[in-house]
Amino acid sequence: MKEVEVVVAHRECATLRVGDVFLKIDADQARTDVEVEAMAVAPVPTPEILWRRPPVLALAALPGTALGRLGEPSTASPAAWAAAGAAVRKLHDAPLPPWPGRSVDEFAARLDGECEWLVTNGVLPADLVTRNRRVAEAALRPWTPAFIHGDLQISHVFADGDEITGVIDWTEASRGDALYDLATLTLGHEEHLGDVVAGYGTGVDLDVIRAWWSLRSLVAIRWLVEHGFDPFSPGCEVDVLRSRM
């Protein structure tokens, strides 16, 4: 008899696995609308949609395994990381989706609010927040919009050997900064940044990628804590911030 595996679960959404089927349950069907449309037009492999009966979306499992997880060493080969970079480049070169993404001003406002919360509540030392906020400011510049995944964590990119077999979780797909995707993919795995860039090609500013590492970590900590995740775990967001000191 097949067991039900809880992949992720919090107040906003949950993903369950039953055999080779993933069941995604989302309180906000607008996010699911984006995911379905993004997967239909993305020029990279995505999971097969088996059926949709709101609030549930059923997806077929991808072959292979994820590149890794934040806080854990990746067992994927350098060639697989380079193939991930090439797949991301293919996505970024695709026609823009019709819906917008977050603006520079929106990122700046969120960064201000989260940094204030982190210091006021004693979650992180003020010097750690101040240093990373300075680093993060390099990301807050005009960019040419690209078709981005928007949440390209390594656990969302699957490989079989050296080949990318698919990318999951497209609810944050939008127009945005291409370097944001590259930063999200390599967050906590700086040792693989060179492999990803080798596959991706030209137009990569490493200082901006490092800026996005700081910004993404700073703005994520409150959400992670409030939803039952631990950004203080070894190799996770707080360690990413400490590495900038």
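Count along the sequence shown from 1, then add 1346; that gives the number in my numbering.
Where a beta carbon is used, it is the ideal one built from N, C-alpha and C, also for glycine.
Same chain, Cβ closer than 7 Å to Q1375, five either side skipped, listed in chain order: P1400 and P1401.
Consult DSSP for R1477 and reduce its assignment to one of helix, strand or coil. If DSSP states are grouped into helix, strand and coil, R1477 belongs with the helices.
Nearest-angstrom Cα distance between A1386 and G1459? Taking the straight line joining both Cα atoms gives about 35 Å.
Is the region 1434-1452 touching the region 1533-1541 in the sense that three or more CB pairs, one from each, lie closer than 8 Å? Touching, no, given that fewer than three Cβ pairs across the two stretches are closer than 8 Å.
Beta-ladder partner(s) of I1514, from DSSP: Note: I1514 sits in no beta bridge, so no partner.
Alpha helix (DSSP H) containing I1567: first to last residue? It spans L1552 to E1572 - the alpha helix (DSSP H) in which I1567 sits, taken as one unbroken run.
Exposed or buried, T1378, counting other C-beta atoms within 10 Å across all chains shown (16 or more means buried)? Buried, by the Cβ-count rule.
Euclidean distance between Cα positions of G1581 and L1416: A straight line joining the alpha-carbon of G1581 with that of L1416 spans about 7 Å.
Is it right to say K1370 is buried, meaning 16 or more other beta carbons lie within 10 angstroms of its own, or is it exposed? Around the beta carbon of K1370, 16 or more other beta carbons sit within 10 angstroms, so the residue counts as buried.
When you compare the region 1516-1525 with the region 1421-1431, are there three or more beta-carbon pairs, one atom per stretch, that lie closer than 8 Å? No, they do not touch.
4-residue-minimum alpha helix (DSSP H) runs that sit fully inside the region 1394-1440, ordered along the chain: Taken in chain order, the complete alpha helix (DSSP H) segments of 4 residues or longer contained in the region 1394-1440 are 1424-1438.
Tell me the rounded alpha-carbon separation between W1559 and E1394. One C-alpha to the other measures close to 31 Å.
Suppose contacts are defined by Cβ-Cβ distances below 8 Å. Is Y1546 in contact with R1435 by that definition? With respect to the 8 Å criterion, Y1546 and R1435 are classified as neighbours on the basis of their beta carbons.
Please go through the same chain and pick out, in chain order, the residues whose beta-carbon is closer than 6 Å to the beta-carbon of R1412, but skip the five residues on each side of it. A quick correction: the sequence has Ala, not Arg, at residue 1412. In the same chain as A1412, and ignoring 5 residues on each side of it, the C-beta atoms closer than 6 Å to its own belong to S1501 and F1504, in chain order.
Neighbour-count burial assignment, E1381, 16 or more Cβ in a 10 Å radius: Buried is the call here.
Drop a sphere of 10 angstroms on the beta-carbon of D1523, count the other beta-carbons inside from all chains shown, and report buried for 16 or more, exposed for fewer. Label assigned to D1523: buried.
Residue from T1490, A1454 and D1497 with nearest C-alpha to L1594: Because residue 1594 is not part of the residues shown, which for the chain are 1347 to 1591, the question remains open.
Considering just the uninterrupted stretch of the beta strand (DSSP E) at R1363, what are its terminal residues? For R1363, the enclosing beta strand (DSSP E) has its first and last residue at C1359 to V1364.
I'd like the span of the alpha helix (DSSP H) that includes G1540, first residue to last. Looking at the DSSP string, the run of the alpha helix (DSSP H) that includes G1540 is L1539 to Y1546.
For V1586, I'd like the list of residues in its chain whose CB is within less than 8 Å of its CB, leaving aside the five on either flank, ordered along the chain. Counting only Cβ-Cβ distances below 8 Å, and skipping sequence neighbours, we find L1533, G1534, W1559, S1560 and S1563.
Is DSSP giving S1589 helix, strand or coil here? Three-state result, S1589: coil.
By alpha-carbon positions, which one of R1456, A1440, A1484 and N1467 ends up nearest to P1491? Cα-wise, what sits closest to P1491 is A1440.
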